[in-house]
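In the numbering used here, the protein residues as written are 393 to 557.
In this text, a Cβ means the ideal position worked out from N, Cα and C, and glycines have one as well.
Just so we're clear, the structure is a prediction, and the values are computed from it rather than from any experiment.
Below, the structure is given as structure tokens:
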């Protein structure tokens, strides 16, 4: 009788262990995700992105800023993170990606106070890609167009004054 109880106990333990391993430990994953979420608030993620940017780790900064934007789209830092993404691309001299990010910012947030800056940076993306006078001047024309748009829309902005130079 005791031998039979021992067998049942062994079978039950085996089944519990088998279920535990076969489930992929998914319940552990949820426990870790909860603690990770607590550590990864929008403020913390943005701060990490800002620090990475300041240290010259632009790709890492972009990753953190994208997480703020994607995981917390309604948080007020999401808009600032979008600008951080664009600035990191620009500073990393990836002007085509920066241009896309600044254009997206202007399109998605047309009334935001940072729109003049974004338009100025769009012009600078083209300015930084200009060739010498004897080569194709497409980027030069695009830069002029962006600066003219900035001056027309925001004549009192400090970025308009910078664009006039």
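Option in the options with minimal Cα separation from residue i
| i | options | result |
| --- | --- | --- |
| residue 494 | 439, 485, 503, 512 | 512 |
| residue 518 | 467, 530, 398 | 530 |
| residue 554 | 527, 522, 516, 532 | 516 |
| residue 485 | 449, 461, 468, 507 | 449 |
| residue 434 | 461, 509, 453 | 461 |
| residue 509 | 440, 464, 457, 474 | 474 |
| residue 453 | 478, 488, 487 | 478 |
Rounded straight-line distance, which links the Cα of residue j to that of residue i
| i | j | result |
| --- | --- | --- |
| residue 455 | residue 520 | 24 Å |
| residue 459 | residue 400 | 50 Å |
| residue 540 | residue 481 | 23 Å |
| residue 537 | residue 514 | 10 Å |
| residue 467 | residue 527 | 45 Å |
| residue 463 | residue 469 | 11 Å |
| residue 432 | residue 476 | 18 Å |
Spatial neighbours of residue i in its chain, beta-carbon cut-off 8 Å, leaving aside the 5 residues before and after
| i | result |
| --- | --- |
| residue 483 | 445, 450 |
Contacting residues, own chain, Cβ-Cβ under 6 Å from residue i (five flanking each side not counted)
| i | result |
| --- | --- |
| residue 343 | For the chain, the structure presents residues 393 to 557; residue 343 sits outside this window and is missing. |
| residue 552 | 542, 543, 546 |
Cut-off 7 Å between Cβ atoms - residues of its own chain near residue i, not counting five sequence neighbours on either side
| i | result |
| --- | --- |
| residue 440 | 456 |
| residue 535 | 515, 518, 519, 522 |
Self-check item: Every unbroken alpha helix (DSSP H) inside the stretch 430-516 [4 residues or more]
Solution: 434-446, 450-463, 468-483, 487-500
Quiz prompt | Minimum length 4: unbroken alpha helix (DSSP H) runs contained in the stretch 519-554 | solution = 530-545
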